[in-house]
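In what follows, a single structure is set out as structure tokens and then discussed.
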Amino acid sequence: MIDMEVEIAGIKMKNPVTTASGTFGHGVEYAKYVDLNRLGAITVKAITLEPREGNPPPRIAETPSGILNSVGLQNPGVDTFIREDLPELIKYQVPIIVNVAGNTIEEYCQVVEKLNDLPIAAFELNISCPNVKHGGMAFGSDPHMIEKVTKKVKNRSKKPLIVKLSPNVTSIVDSAIAACDGGADALSLINTLLGMAIDAESRKPILKNITGGLSGPAIKPIALRMVYEVHKAVNIPIIGMGGIMTGIDAIEFMLAGATAVAVGTANLVNPTAVIDVIDGIYDYMQRHDIKSIKDIVGALSA
Ligand code: SIN
Numbered sequence: 001m002i003d004m005e006v007e008i009a010g011i012k013m014k015n016p017v018t019t020a021s022g023t024f025g026h027g028v029e030y031a032k033y034v035d036l037n038r039l040g041a042i043t044v045k046a047i048t049l050e051p052r053e054g055n056p057p058p059r060i061a062e063t064p065s066g067i068l069n070s071v072g073l074q075n076p077g078v079d080t081f082i083r084e085d086l087p088e089l090i091k092y093q094v095p096i097i098v099n100v101a102g103n104t105i106e107e108y109c110q111v112v113e114k115l116n117d118l119p120i121a122a123f124e125l126n127i128s129c130p131n132v133k134h135g136g137m138a139f140g141s142d143p144h145m146i147e148k149v150t151k152k153v154k155n156r157s158k159k160p161l162i163v164k165l166s167p168n169v170t171s172i173v174d175s176a177i178a179a180c181d182g183g184a185d186a187l188s189l190i191n192t193l194l195g196m197a198i199d200a201e202s203r204k205p206i207l208k209n210i211t212g213g214l215s216g217p218a219i220k221p222i223a224l225r226m227v228y229e230v231h232k233a234v235n236i237p238i239i240g241m242g243g244i245m246t247g248i249d250a251i252e253f254m255l256a257g258a259t260a261v262a263v264g265t266a267n268l269v270n271p272t273a274v275i276d277v278i279d280g281i282y283d284y285m286q287r288h289d290i291k292s293i294k295d296i297v298g299a300l301s302a
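By the count of full-length UniProt numbering, the sequence shown reaches residue 302 at its end, each step adding exactly one.
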């Protein structure tokens, strides 16, 4: 028997694979491609207090081994999410993690309070989006602010709080410790790396917003290094992400110290990527005679 179950902040996941926020819509959009019940958890696109249209297009640019996005947290707002998206999503037997964003700490708290009594497994605190002027990375690049936002939201939350960290900092370990000090139950890392793309012919930036967040295989070595460093520094579980395309990529993150993993950009190239990653992990466990996936968490032999 192969046991793929893991636990993140009290959330039991039947396997260690969730979706990276922003790459899987609100989950139900993918139901025609994959059996959502097979996922370890579904992490939905960021939700804010009010609806947002996001940044003007173009807001996606392909790069070698990755994409840049400057979406700007487009979403229907928490009330519409509760009314239209959540009722469909909760029909599936899968824990739902809601990524929460806001312009101010109070906005984060109000979103959390509107969702507190609904069947959601956890909140993921988005203090790492690089595409907005307020909130997002502006909060997540200063350890004092990370601790403050985490503490305030944690006080108003009835669910476990997962803090999603930005890689656009000098020390992600300092960010991780600050989130722990604020009361985070788990961490997710990494969000995208700030970058830009230029069209030499027109001499213009490709993204209307000029800069955007880089994701995909190009960032995997950086994400692995950060998961490895954070795992050594803190005692709360980590959801690792950044360029995971295959089961073997996921295993690498778990060896570096992630208890669970999130599949992101891969969903945009292959709608069944998340299932392929679950199957790939299973295949690795069979080949290596691993009975419990928990046994490989942090099991890197250096
Ligand atoms: C976006 O909507 O701009 C991306 C979301 C994120 O980076 O958290």
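Glycine included, every Cβ here is placed at the ideal spot set by N, Cα and C.
From a predicted model like this one, the values you see are computed outputs, not experimental measurements.
Supposed contact pair residue 73 and residue 46 - C-beta distance, whole angstroms, cut 8 Å: Taking the sequence shown and counting its residues from 1, the one referred to as residue 46 is at position 46. Taking the sequence shown and counting its residues from 1, the one referred to as residue 73 is at position 73. 5 Å between Cβ atoms; contact.
Straight-line Cα distance separating residue 27 from residue 21: One-based indexing of the sequence shown puts residue 21 at position 21. One-based indexing of the sequence shown puts residue 27 at position 27. Straight-line spacing of the CA atoms in residue 21 and residue 27 works out to 10 Å.
Inter-residue spacing [alpha-carbon to alpha-carbon] between residue 223 and residue 239: Counting from one through the sequence shown, the residue named residue 223 turns up at place 223. Counting from one through the sequence shown, the residue named residue 239 turns up at place 239. Note on geometry: alpha-carbon atoms of residue 223 and residue 239 lie some 11 Å from one another.
Beta-carbon spacing of residue 115, residue 82 below 9 Å: On the sequence shown, position 115 is the one that residue 115 refers to. On the sequence shown, position 82 is the one that residue 82 refers to. Yes, these two residues count as a Cβ contact at 9 Å.
Of the residues 302, 297, 301, the one placed nearest residue 7, counting alpha carbons only: In the sequence shown, the residue the question calls residue 7 occupies position 7. Of 302, 297, 301, the residue nearest in Cα terms is 297.
Beta-carbon spacing of residue 218, residue 66 below 9 Å: As a working mapping, residue 218 is identified with position 218 in the sequence shown. As a working mapping, residue 66 is identified with position 66 in the sequence shown. Going by C-beta atoms, residue 218 is nearer than 9 Å to residue 66.
Beta-carbon spacing of residue 242, residue 189 below 9 Å: If you number the sequence shown from 1, residue 242 lands on position 242. If you number the sequence shown from 1, residue 189 lands on position 189. In this structure, residue 189 lies closer than 9 Å to residue 242 by Cβ.
Alpha-carbon spacing of residue 136 relative to residue 1, whole angstroms: Along the sequence shown, read from residue 1 onward, the residue named residue 136 stands at position 136. Along the sequence shown, read from residue 1 onward, the residue named residue 1 stands at position 1. Approximately 42 Å between the Cα atoms of the pair.
beta-carbon residue 131 near ligand 1 non-hydrogen atom, thresh 8 Å: The count along the sequence shown starts at 1 and reaches residue 131 at position 131. Within the cutoff, so yes.
With 16 other Cβ atoms within 10 Å as the buried cut-off, status of residue 231: The residue given as residue 231 occupies position 231 in the sequence shown. Result: buried.
Beta-carbon proximity list for residue 181, same chain, < 7 Å, skipping 5 on both sides: The count along the sequence shown starts at 1 and reaches residue 181 at position 181. Closer than 7 Å at Cβ, skipping near neighbours: 147.
Proximity winner among 129, 17, 118, relative to residue 214 (alpha-carbon distances): As a first step, residue 214 must be located in the sequence shown, where it is residue number 214. Per the Cα distances, 129.
CB contact flag (residue 184, residue 161, <9 Å): Along the sequence shown, one-based indexing puts residue 184 at 184. Along the sequence shown, one-based indexing puts residue 161 at 161. Yes, these two residues count as a Cβ contact at 9 Å.
Closer than 8 Å: residue 138 CB and nearest ligand 1 heavy atom: Here residue 138 corresponds to residue number 138 of the sequence shown, with the count starting at 1. For ligand 1, not one heavy atom lies less than 8 Å from the Cβ of residue 138.
Residue 91 - DSSP class collapsed to helix/strand/coil: Counting from one through the sequence shown, the residue named residue 91 turns up at place 91. Residue 91 falls in the coil class under three-state DSSP.
One or two residues paired with residue 175 in a DSSP bridge: To locate residue 175, count along the sequence shown from 1; it is residue 175. Answer by DSSP bridge pairing: none, since residue 175 is not bridged.
Simplified DSSP assignment, three categories, for residue 221: Your numbering for residue 221 matches position 221 in the sequence shown. Residue 221: helix per DSSP, three-state reduction.
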